[in-house]
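Remarks on the structure that follows.
The following block contains the structure:
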């Protein structure tokens, strides 16, 4: 990591259909369908809609044989319509489906947590990928690590890295380098630390595979966009990332403009800065540098705080260098920047991407967005959302909500809206809203309560990691969730 200027990490080039990832290629944007993959017509229609929004890569779930075989029809239908969109099959639980999907698609995404180390299934898949020219994504998820990894490391960033490196070494042993890696989590701090640790581990073994960035279960609306921008932006600011997906609990095409905005925002990061105390910086261990326990927004700034304005084209590095060059190592600091954007969502994404890293790393103690075109209350709400997305201050209910895919067992977008309408006043509470059990219990592990699709029309409710009620009818689930919150003393009236 270069603390003085922006340098994009160098990686090898991976070919995914007609799209190139890594190397000297621009960062590629992608999204994922939420149709039933076996419904070929609906899936093709949605892929084409996502592609029309500007995503060159689209991923589809393949949880069973029917979904794996559906690619045999999806691929030619897309090509017949004139679309060269790179298609990725997403495999969970059943490694054998990867072998089916790999006959047709451009890339296969696998979860190491689903593979037995002694099965030979990975080596067989690698051989198949080499034969057909199919790329592979080793997609590690914080919420679904293999048992032997959890036993050794716990569900930690270190465990995520160990899981990825185990599989990368096996790819290298097979002389297969068309590999992309991801380290996803709904916790932005875990996500950023995992990627940084991964880069360190790969560098130590002379591995230079491209990486795919994303914050899982980011939610929807401006909160989901800010949370994604905090996590993805923190890494893009340091030149890490070759392809990205912004995961929103909305129509998948809505993800594309946000990802494109982030790519454009980090296309140019000029400026070089002096860092007098680099020894004060630890990119993979969180610690607060000052004694301020609750970071602040602009209306709370007092004389105790030093306000640092960033005026260069690389505000993240500018702030970091200034803070790491202060005479006092513990001086409380507020980072401030002026934005001229006329769209408040665009402003929010840019500010979150610029400021999030300083909060995730414990360097900054507050944020101050200057934008006279918006009201103080609007700007303060964005600042609070940035602090919450950075895991340093809880000011409102947080929803850990998956974006939905072909595995989703109910209308998650509509359900999330209903849950928000009933619970958004519960300050500081975390509620997981998950489409299925693939990542549900794991990714919402730090949530206070969970609402997870268990079967068609059935919901399982959680208190923390504990199942409270299984397979209750969906029409009863929200009322029952609220009853459970009340029973545990976490409910307050509006």
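Numbering (our numbering), first residue to last: 8 to 501.
Heads up, the beta-carbon is just placed ideally off N, CA and C, and yes, glycines get one too.
If you're wondering where the values come from, they're calculated on a predicted model, not measured in any experiment.
What's the gap between the Cα of residue i and the Cα of residue j?
{"i": "residue 373", "j": "residue 428", "result": "29 Å"}
{"i": "residue 343", "j": "residue 361", "result": "10 Å"}
{"i": "residue 208", "j": "residue 168", "result": "8 Å"}
{"i": "residue 246", "j": "residue 14", "result": "5 Å"}
{"i": "residue 54", "j": "residue 42", "result": "10 Å"}
{"i": "residue 66", "j": "residue 108", "result": "12 Å"}
{"i": "residue 408", "j": "residue 269", "result": "21 Å"}
{"i": "residue 24", "j": "residue 92", "result": "8 Å"}
{"i": "residue 369", "j": "residue 101", "result": "40 Å"}
{"i": "residue 30", "j": "residue 306", "result": "44 Å"}
{"i": "residue 10", "j": "residue 454", "result": "34 Å"}
{"i": "residue 143", "j": "residue 185", "result": "6 Å"}
{"i": "residue 328", "j": "residue 389", "result": "25 Å"}
{"i": "residue 299", "j": "residue 253", "result": "31 Å"}
{"i": "residue 323", "j": "residue 333", "result": "16 Å"}
{"i": "residue 277", "j": "residue 52", "result": "41 Å"}
{"i": "residue 81", "j": "residue 8", "result": "41 Å"}
{"i": "residue 236", "j": "residue 112", "result": "29 Å"}
{"i": "residue 257", "j": "residue 283", "result": "45 Å"}
{"i": "residue 321", "j": "residue 176", "result": "35 Å"}
{"i": "residue 152", "j": "residue 70", "result": "18 Å"}
With a 10 Å radius around its C-beta and 16 neighbouring C-beta atoms as the bar for buried, classify residue i as buried or exposed.
{"i": "residue 1", "result": "It is not possible to answer for residue 1, since the shown part of the chain is limited to 8 through 501."}
{"i": "residue 97", "result": "buried"}
{"i": "residue 139", "result": "exposed"}
{"i": "residue 483", "result": "exposed"}
{"i": "residue 170", "result": "buried"}
{"i": "residue 404", "result": "buried"}
{"i": "residue 178", "result": "buried"}
{"i": "residue 89", "result": "exposed"}
{"i": "residue 474", "result": "exposed"}
{"i": "residue 424", "result": "exposed"}
{"i": "residue 227", "result": "buried"}
{"i": "residue 420", "result": "buried"}
{"i": "residue 400", "result": "buried"}
{"i": "residue 86", "result": "exposed"}
{"i": "residue 166", "result": "buried"}
{"i": "residue 502", "result": "The requested residue 502 does not occur in the structure, where the chain is confined to residues 8 to 501."}
What is the DSSP secondary structure of residue i, counted as helix, strand or coil?
{"i": "residue 124", "result": "coil"}
{"i": "residue 425", "result": "helix"}
{"i": "residue 175", "result": "helix"}
{"i": "residue 325", "result": "helix"}
{"i": "residue 339", "result": "coil"}
{"i": "residue 164", "result": "helix"}
{"i": "residue 306", "result": "helix"}
{"i": "residue 142", "result": "strand"}
{"i": "residue 86", "result": "helix"}
{"i": "residue 191", "result": "strand"}
{"i": "residue 148", "result": "strand"}
{"i": "residue 264", "result": "helix"}
{"i": "residue 111", "result": "coil"}
{"i": "residue 370", "result": "coil"}
{"i": "residue 156", "result": "helix"}
{"i": "residue 276", "result": "coil"}
{"i": "residue 15", "result": "coil"}
Determine the contact status of residue i and residue j, defining contact as a CB-CB distance below 8 Å.
{"i": "residue 364", "j": "residue 240", "result": "yes"}
{"i": "residue 467", "j": "residue 440", "result": "no"}
{"i": "residue 410", "j": "residue 39", "result": "yes"}
{"i": "residue 99", "j": "residue 118", "result": "yes"}
{"i": "residue 385", "j": "residue 438", "result": "no"}
{"i": "residue 353", "j": "residue 34", "result": "no"}
{"i": "residue 359", "j": "residue 393", "result": "yes"}
{"i": "residue 157", "j": "residue 114", "result": "no"}
{"i": "residue 491", "j": "residue 458", "result": "no"}
{"i": "residue 164", "j": "residue 197", "result": "yes"}
{"i": "residue 477", "j": "residue 461", "result": "yes"}
{"i": "residue 199", "j": "residue 248", "result": "no"}
{"i": "residue 331", "j": "residue 259", "result": "no"}
{"i": "residue 382", "j": "residue 391", "result": "no"}
{"i": "residue 75", "j": "residue 104", "result": "yes"}
{"i": "residue 130", "j": "residue 181", "result": "yes"}
{"i": "residue 36", "j": "residue 267", "result": "yes"}
{"i": "residue 297", "j": "residue 337", "result": "yes"}
{"i": "residue 396", "j": "residue 124", "result": "no"}
{"i": "residue 73", "j": "residue 45", "result": "yes"}
request  = Report yes or no: do three or more beta-carbon pairs, one from the region 221-235 and one from the region 190-199, lie closer than 8 Å?
outcome  = yes
query = Between the region 290-306 and the region 12-21, do three or more beta carbon pairs fall short of 8 Å?
reply = no
query = Is the number of C-beta pairs between the region 312-320 and the region 333-351 that are closer than 8 Å three or more?
reply = yes
query = Per the contact definition of three or more C-beta pairs closer than 8 Å, is the region 252-266 in contact with the region 58-65?
reply = yes
ask   = Is it a yes or a no for the region 134-152 touching the region 107-124, going by three-plus beta-carbon pairs under 8 Å?
value = yes
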